[in-house]
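Colleague: Here the protein sequences line up with chains A and B, keeping their order. Take the first sequence: its letters are residues 1 to 88, numbered as in the working numbering. Take the second sequence: its letters are residues 89 to 693, numbered as in the working numbering.
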Amino acid sequence: MITRVVTVQNAEGLHMRPADKLVRTATNYQCQIELERAGQVADCRSMIGLLTLGAPQGTQLTLRAQGPDADLAIEAITRLFDSQFDDP
Amino acid sequence: MRIWRSKRSRVYSIHNLMTLDPRMLELQGIAVSPGVAIGKAIVFDREGYSIARCLISRSETQREWDRLVEAVGRAHQALGAKGKATTESWGADLGGIFSAQQQLLLDPHVRSEMEHLIKDNLYAAEYAVSEVFAKYAAAFRKASSSFLAERAADVRDVEQTLLEALTGKPTQTLKEIPHEAIVVSHDLTPGETAAFDPEKVLAICTEAGGPGGHTAIVARGMEIPAVVGVGNFLHNIRSGDEVIIDGHLGRIFVSPDGPTRQRYLQRQIARESIFTELSELRDLPAVTSDGVHVELMANVEFPNETQACLARGADGVGLYRTEFLYLGHDKEPTEEEHFQAYQQVLRDMQGRPVVIRTLDLGADKMGMSRPIEPENNPFLGLRSIRLSLRNPALFRVQVRAILRAASSGNCWIMFPMVTTLDEYRSAKFLLRSVADDLASEGIRIPSNIRVGMMVEVPAAVLMLDRFIEEIDFVSIGTNDLTQYTLAVDRSNDSVADLYQACDPAVLRLIKQTQEITSKHGKSTSVCGEMSNNPAYALLLVGMGIRSLSLASSTIPVIKKAIRSVTLGQCEAMAWRALRLGTAREVDAFLMHQLAGLVPEIVLQA
């Protein structure tokens, strides 16, 4: 299992469009990917799960991946957070 | 001629009686607005969308699941097309929302929950969809962050798209009831009931709610039968089923058999003849047979109800609720909107007194843009006069409009839920300052406007001797007085049986209020639901109350009751009732008395 801490940097937080991008990215990989916020865990392929985290700008989330391509998935998803989901 | 009975001696249970038609289902709820309606049901879910709640047989589950999977595909395409069109017109930013909604549609959790409901719980596809999506929408809405609350609307949008894909037609909302129908729902928000088209809604029936709730008030205002507090039954009824609503006995029949239907058709005819007879009392005063006059005023919610008030012979408007201006609107009403409404009511009532009550809402009920912290105990929270005093800018708008309209009629101003003398003084101070402003603008304000307060918090009763010098009148709001005295949330089904306006504790507070006001020569009216019940109305008269404010539709029957008795009989009733120990004893005693004194208006159980 690979773990990394990511931060929601974009102004609007983890709302509909960023979550959409996360789900689309996660579905490209075979591994299990989760995001955790203060004990609440969301499957990265579940839009509802991600929204339920209710993560506004500045929230730190723990990203976890387990499976054959876990390292690639972690990289791709970290990039999404760092690029602020290409969200202004 | 029997059209009234106790609301208390009911059994709130669901039972399927032995009937000729095995499909007929008889239910018992709380009768809150009299009348009988026979018609087709239109069933709405918790969010105000019509739904088909039905179950399937085990052999159909695979077919039902396949049907849903296909619909998901179609809904996905529909969202894609909407997204494309939106992107072209408005740019990718907005179009992206639909792409995100597609992800909600395909969410693996949502999908597996729907599959479980269909395959294991035998839900029809539509039922499964509305259950799962409603659950997530509710969870989002309840979330403390506004961030999530706004997502609830997206969830509902996706649900509607999916339901449309399943049924091939747009879903109906409460605002657009297509034909005459009986509205059946879990509960109704004030905004929903305010949006009803009175031409289309024949009757209302809800799973939740109680005698003092908003549905009851609106139904009586619209003069349509209503039964609330029926308990869970929406799974037993579908839109299009024939239903009978008996607003006298609180009974509901789903798919009635022939004899039941016949019985109620006859009752409808009989009821019309009673009303003809009662309406002949319209121009006669409400006096006891020994000549004591009782003022019968009407409670009004919407300005267009004044016609019904006059038609029923109301002596004035004893309670003009102004909340409708705030409900069902996204924006706060303008001074002009307030003014138009008040002016219309004052003019229509042609010099009869009109008691305008300032805003009596919780912060949560107002469609205001600013976010409001959720409250643990809204009934004990920032509502009513407290909310108005906290938002003086908003309060001034309403007070300005009332004062400007005052010269159109006989205007009284009443502040609701006053708890402390400080509150009353602050409200009156604001009123005076607004009046000064208007005077300096050259707007004429009548000098005889009477200013008073609602007595609905026990603290106000206990302190009334201190208030009394500073007020012109009081109106006892028995609904909230009951709630606050007995510490019972009247909208909570689990404790609804405690909520009894005839509880001796409430009666003592009313008596105490009446004694203080009459000693000081100030007028006292009772404007709660209690006044709508003939037995309680006679009790109040016996306790010294000479002004009642009630639903205009019940004015004739209350007038009939008052004209049938002497003051001495009422006083004897009150003397005895005030010495009883429990609400049950009081109610049973009063019903027995009413049956003896005015048998023609008592409905036998």
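Even glycine gets a Cβ: it sits at the ideal position worked out from N, Cα and C.
When you compare only the Cα positions, how much space is there between Gln428/B and Ala493/B?
Modeller: 8 Å
Colleague: According to DSSP, is Asp675/B part of a helix, a strand, or is it coil?
Modeller: helix
Colleague: Distance, Cα to Cα, Ser457/B vs Tyr572/B?
Modeller: Only weak support exists for where Ser457/B lies, its pLDDT of 45 falling under 50; the value from the coordinates is given anyway. When rounded, the distance between both Cα atoms is 30 Å.
Colleague: Is the beta carbon of Pro56/A less than 8 Å from the beta carbon of Val8/A?
Modeller: Yes.
Colleague: Measuring CA to CA, which of Phe503/B, Lys610/B, Ala515/B, Ala593/B is closest to Thr446/B?
Modeller: Phe503/B
Colleague: Should Phe341/B go down as buried or exposed, given a rule of 16 or more other Cβ atoms within 10 Å for buried?
Modeller: buried
Colleague: For Ala19/A, which residues of its own chain have a beta-carbon under 7 Å away from its beta-carbon, when the five flanking residues on both sides are left out?
Modeller: In the same chain as Ala19/A, and ignoring 5 residues on each side of it, the C-beta atoms closer than 7 Å to its own belong to Met47, Leu50, Leu51, in chain order.
Colleague: Considering only residues of the same chain and omitting the five flanking positions on each side of Ile490/B, which have a CB-CB separation below 8 Å?
Modeller: His426, Tyr430, Ile444, Thr446, Cys499, Ile501
Colleague: Nearest to Ala222/B by CA position, among Glu203/B, Arg244/B, Gly346/B, is which residue?
Modeller: Arg244/B
Colleague: Let me confirm a value: Thr566/B is counted as buried when at least 16 other C-beta atoms fall within 10 Å, else exposed. Which label applies?
Modeller: Note on Thr566/B: 16 or more other CB atoms within 10 angstroms of its CB, so buried under the neighbour-count rule.
Colleague: The alpha helix (DSSP H) with Ser367/B in it runs from where to where?
Modeller: 346 to 367
Colleague: If you draw a straight line from the C-alpha of Thr249/B to the C-alpha of Ala166/B, how long is it?
Modeller: 8 Å
Colleague: Could you tell me whether any Cβ in chain A is nearer than 8 Å to the Cβ of Ser457/B?
Modeller: Only weak support is given to the placement of Ser457/B: the predicted model assigns it a pLDDT of 45, under 50, and the value that follows is read from those uncertain coordinates. Not closer than 8 Å to any Cβ of chain A, the Cβ of Ser457/B fails to qualify, so no.
Colleague: Just to confirm, are Ala216/B and Lys128/B a CB contact at a threshold of 8 Å?
Modeller: no
Colleague: Checking the sheet assignment: what are the DSSP bridge partners for Met385/B?
Modeller: Ser637/B
Colleague: Please list the partners that Arg37/A has in chain B, where partner means a Cβ-to-Cβ separation under 7 Å.
Modeller: Listed by position along chain B, the residues whose Cβ is nearer than 7 Å to that of Arg37/A form an empty set, because the closest Cβ is around 12 Å away.
Colleague: Can you pull the chain A residues whose beta carbon is under 9 Å from the beta carbon of Val198/B, in chain order?
Modeller: The contacting residues are Ser46, Met47, Ile48.
Colleague: Between Gln191/B and chain A, is the shortest Cβ-Cβ distance under 8 Å, so that the two count as touching?
Modeller: yes
Colleague: Got a sec: is the Cβ-Cβ distance from Tyr414/B to anything in chain A below 8 Å?
Modeller: no
Colleague: On the premise that Ile564/B lies in contact with Ile598/B, defined as a C-beta separation below 8 Å, what is that separation, rounded to the nearest angstrom?
Modeller: 6 Å
Colleague: Residues in the same chain with beta-carbon distance under 8 Å from Val220/B, minus the five sequence neighbours each way, listed in chain order, please.
Modeller: Val198, Glu201, Met202, Leu205
Colleague: So, with DSSP's three-state summary, where would you put Thr507/B?
Modeller: coil
Colleague: Considering just the uninterrupted stretch of the alpha helix (DSSP H) at Ala173/B, what are its terminal residues?
Modeller: 149 to 178
Colleague: Quick one, are the C-beta atoms of Pro441/B and Gly404/B less than 8 Å apart?
Modeller: yes
Colleague: Does the beta-carbon of Arg409/B have 16 or more other beta-carbons within 10 angstroms, so that it is buried, or is it exposed?
Modeller: Residue environment: Arg409/B is assigned as buried (16 or more neighbouring CB atoms within 10 Å of its CB, all protein chains considered).
Colleague: Thinking C-beta only, is Ile689/B closer than 8 Å to Lys647/B?
Modeller: In this structure, Lys647/B lies away from Ile689/B, with their beta-carbon atoms at least 8 Å apart.
Colleague: For Thr7/A, which beta-bridge partners are listed by DSSP?
Modeller: Gln60/A
Colleague: Would you kindly work out how many angstroms separate the C-alpha atoms of Leu586/B and Met618/B, rounded to a whole number?
Modeller: 15 Å
Colleague: Measure from the alpha carbon of Glu365/B to the alpha carbon of each residue in Leu156/B, Leu182/B, Arg400/B, Val388/B, then state which is nearest.
Modeller: Arg400/B
Colleague: Please list, in chain order, all residues of the same chain as Val539/B whose beta carbon is under 6 Å from its beta carbon, the five residues on each side excluded.
Modeller: Ile501, Asp560
Colleague: Between the C-alpha atoms of Gly301/B and Ser579/B, what's the straight-line distance to the nearest angstrom?
Modeller: 7 Å
Colleague: Mind pulling the chain A residues with CB within less than 7 Å of Ser187/B?
Modeller: Asp20
Colleague: By alpha-carbon positions, which one of Asp43/A, Met1/A, Ala38/A ends up nearest to Arg24/A?
Modeller: Asp43/A
Colleague: Reducing DSSP to helix, strand and coil, say where Cys615/B ends up.
Modeller: Looking at Cys615/B - three-state DSSP - the assignment turns out to be coil, as it is neither helix nor strand.
Colleague: Going by Cα to Cα distance, which pick from His608/B, Phe132/B, Ala683/B, Pro266/B is closest to Asp275/B?
Modeller: Phe132/B
Colleague: Apply the 10 Å Cβ neighbour rule to Arg488/B and answer buried if 16 or more other Cβ atoms are within range, or exposed otherwise.
Modeller: buried
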